[in-house]
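Q: Protein chains in written order, with this note's numbering: chain A, 2 to 113; chain B, 2 to 113.
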């Protein structure tokens with residue numbers, strides 16, 4: 002876990018503040034779309050690797066601009082990042098961000 | 002973990018199918034609102050206990066019908082359940098459902 006996530010390890014074992022709830026709701030909104038979840042899974046299932054947008058688009062019955070929009074939402078939520086090299090953009094997941102969201106949903110009882 | 006979650010322990014270590022992504026997106030949509038996240042945290046932070054709606058409403062600058070609507074969304078997503086007794090409705094969290102969503106966000110790399 003990186004320093005940027007140490008400050009925000011809230012979870013459902015205690016009531017969330019307004020501020021933390023607002024921030025987390027934005028991240029969950031990025032996950033609240035089937036195409037974005039599939040995109041994220043296609044990227045995150047190759048840990049340590051980059052995935053070319055040219056590999057992602059053919060797996061969706063969506064236009065390239067629509068796929069790019071969904072990728073932008075995931076990127077703005079801090080769940081993935083990307084780099085353009087030549088013609089294509091390459092994406093990778095940010096495990097610490099996913100781990101933080103995963104940790105939010107932990108309750109005392111869930112693992113009792 | 003209950004039998005109902007054993008069938009659906011997908012996570013981001015492999016690409017999600019269309020069907021699983023659609024179902025999970027609906028659950029994440031329920032979390033994509035600050036008031037719902039706060040409500041869920043107020044309920045889930047008291048494991049094994051029920052929380053009266055009469056305790057929840059005063060903690061929000063929202064009307065009771067609005068709070069009830071948010072609670073209904075969380076209930077329809079399978080994250081909480083409730084029982085009416087007399088004047089009030091009592092809510093409790095469903096840890097297995099939260100644990101399942103938490104597990105979805107696990108990648109191979111996150112815990113490497």
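Positions of the beta carbon are idealized from the N, C-alpha and C atoms, including for glycine. None of these values were measured; they are calculated from a predicted model.
Name the residue from A/98, A/40, A/39 and A/21 whose alpha carbon lies nearest to the alpha carbon of residue 35 of chain B.
A: The residue you call residue 35 of chain B lines up with position 34 of the second chain. Looking at the Cα atoms, A/21 is the closest of the given residues.
Q: Check the DSSP bridge columns for residue 83 of chain B and list the partner residues they point to.
A: In the second chain, residue 83 of chain B corresponds to position 82, counting from 1. According to DSSP, which records beta bridges pairwise, residue 83 of chain B is partnered with B/92.
Q: In whole angstroms, what separates the C-alpha of residue 29 of chain A from that of residue 43 of chain A?
A: The residue you call residue 29 of chain A lines up with position 28 of the first chain. The residue you call residue 43 of chain A lines up with position 42 of the first chain. Answer to the nearest angstrom: the Cα atoms are 18 angstroms apart.
Q: Using 8 angstroms as the threshold, is the C-beta distance between residue 106 of chain B and residue 99 of chain A below it?
A: In the second chain, counting from the first residue as 1, residue 106 of chain B sits at position 105. In the first chain, counting from the first residue as 1, residue 99 of chain A sits at position 98. Against a cut-off of 8 angstroms, the Cβ pair of residue 99 of chain A and residue 106 of chain B comes out as a contact.
Q: Can you give me the start and stop residues for the alpha helix (DSSP H) that residue 107 of chain B sits inside?
A: As a first step, residue 107 of chain B must be located in the second chain, where it is residue number 106. Careful: residue 107 of chain B lies outside any alpha helix (DSSP H) and carries neither H nor E.
Q: Taking Cβ-Cβ distances shorter than 9 angstroms, what residues in chain B pair up with residue 107 of chain A?
A: Within the first chain, numbered from 1, the residue matching residue 107 of chain A stands at position 106. Neighbours of residue 107 of chain A on chain B, chain order: 99, 100 and 103.
Q: Could you spell out where the alpha helix (DSSP H) holding residue 67 of chain B opens and where it closes?
A: For the purposes of this step, residue 67 of chain B is identified with residue 66 of the second chain, where counting begins at 1. Looking at the DSSP string, the run of the alpha helix (DSSP H) that includes residue 67 of chain B is 65–77.
Q: So with CB distances below 7 angstroms, who are the chain A contacts of residue 34 of chain B?
A: Counting from 1 along the second chain, the entry for residue 34 of chain B is found at position 33. Result: 26.
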